[in-house]
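Enquirer: In this note's numbering, the protein residues as written are 5 to 143. Backbone N, C-alpha and C define an ideal beta-carbon position, used for all residues, glycine too. From a predicted model like this one, the values you see are computed outputs, not experimental measurements.
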Amino acid sequence: VSAPARVPAANAPAAKPAAVPAAASSDQADVVKAFEGWRAAWSARDLDGYFAAYSDGFTPDAHTTHAAWKRYKRRVIMAKDFIHVGAKHVVFKSLLAGKRAQLSFDEHFESNDYREDTRKLLEFAKIHGRWEITREADL
5 VSAPARVPAA NAPAAKPAAV PAAASSDQAD VVKAFEGWRA AWSARDLDGY FAAYSDGFTP
65 DAHTTHAAWK RYKRRVIMAK DFIHVGAKHV VFKSLLAGKR AQLSFDEHFE SNDYREDTRK
125 LLEFAKIHGR WEITREADL
């Protein structure tokens with residue numbers, strides 16, 4: 005397990021990706037790219053892109069199936085007129101080089117009828133060559 009690495013802030017609109025330091029590991033750069041894709045898809049209300057960011061086995065808790073979670077998210081996301089997902093203080097941590105990683109960050113979520121600021125953790129696993137979200141938690 006390596007020490008956490010701070011990633012430059014990603015609080016601009018989702019279309020503008022966070023910069024990754026030139027010395028960043030390939031894993032870090034790839035995880036941040038997956039993270040930016042997730043933010044952009046969510047902000048664009050692009051359900052295919054949003055769901056593709058998650059592993060097929062993702063569930064938000066032990067009591068909700070993946071299919072039920074997708075139905076819920078589809079209904080909630082499409083009910084919004086707009087969504088903006090900002091991120092600041094992004095920290096990358098390798099859990100198992102080339103296989104598992106975490107990003108923690110301050111998330112600013114805003115839509116036409118809801119606004120929230122929270123510290124969030126996303127865990128990623130490299131599955132079939134792609135970094136996918138396997139766990140999501142508020143800190």
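#1: If you run the structure through DSSP and keep just helix, strand and coil, what is Arg-104?
#2: Kindly list the residues whose CB is nearer than 7 Å to the CB of Phe-86, restricted to its own chain and excluding five residues on each side of it in sequence; keep chain order.
#3: Just checking my contact of Ala-101 with Asp-31 at CB under 8 Å: how many whole Å lie between their CB atoms?
#4: Please report whether the beta-carbon of Phe-39 lies at a distance below 9 Å from any beta-carbon of chain D.
#5: Determine the direct distance from the alpha carbon of Gly-41 to that of Tyr-54, and round the result to whole angstroms.
#6: May I have the straight-line CA-CA distance separating Phe-96 from Phe-39, to the nearest angstrom?
Expert: According to the structure data:
#1: strand
#2: Ser-115 and Asn-116
#3: 7 Å
#4: Looking at the structure shown, chain D is missing, and only one protein chain is on hand.
#5: 8 Å
#6: 11 Å
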